[in-house]
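Numbering (our numbering), first residue to last: 1 to 162. Read the structure below first, then the notes.
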Amino acid sequence: MSAIKIRLKEKDLQQLKDICKSFNNEPGELINVLHKTQSIFGYLPAEVQEVIAQQLDVSVAKVYGVVTFYSFFTMVPRGKYPISVCTGTACYVRGAEKVLDEFKRLVKVPVGETTPDGKFSIAGLRCVGACGLAPVVLVGDKTYGRVAPDGVKEILKEYEDK
């Protein structure tokens with residue numbers, strides 16, 4: 001999964017600077033700045049990280065370290081409906097891998113990729129904290145519990161006409 005090279009437009013550059021300014025360009029607000037930025041841009045490419053580093057007066061390596069450490073952040077565009085399958089211990093022992101395989105088969109993309117139409121992307125998560133509902137799947141902000149491979153088609157059906 002490689003980062004995508006982009007060229008920031010002037011309005012995007014200004015918007016980024018405004019986000020940083022809204023957090024007083026405080027280095028301690030890095031995670032908040034990244035959350036806000038990703039909510040607007042959809043992902044955090046290297047060029048965006050460089051601007052944030054400059055505005056908050058922190059190293060690009062620090063920004064990159066935070067982006068790559070937290071699974072919430074992404075350096076590649078996610079689909080309109082990002083699919084995340086929990087692969088933590090409880091979910092794994094209850095069949096999460098088979099559920100993940102079924103999503104990959106039906107959506108026709110591997111983990112970390114986005115469908116050509118931009119509708120879905122697939123990711124694995126370590127734990128969503130809903131172990132009693134294992135295996136757990138998130139599609140966007142919606143949580144599905146006790147998902148079996150034969151339930152994947154029904155979940156995807158909900159997003160057909162959206």
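Cβ atoms here follow ideal geometry from the backbone N, Cα and C, with glycine treated the same way. It should be emphasised that the depicted structure is a prediction, and the values quoted were computed from it without experimental measurement.
Per DSSP, reduced to three states, the secondary structure at residue 138 is strand. The C-alpha of residue 116 lies about 30 Å from the C-alpha of residue 60. With a minimum length of 3 residues, the unbroken runs of beta strand (DSSP E) contained wholly in the stretch 61 to 135 fall at 81 to 86, 120 to 125.
CA-to-CA, the gap between residue 103 and residue 119 works out to about 13 Å.
Taking a cut-off of 8 Å on C-beta distances, the stretch 133 to 147 touches the stretch 79 to 91, as three or more cross pairs fall below it.
Straight across, the Cα-Cα distance linking residue 114 with residue 123 is about 10 Å. Residue 125 is a Cβ neighbour of residue 85, given a cutoff of 9 Å. Close CB contacts of residue 95 within its chain, under the 8 Å cut and outside five residues either way in sequence, are with 135, 148, 149 (chain order). The beta-carbon separation of residue 47 and residue 6, rounded to 6 Å, stays under the 8 Å limit for a contact.
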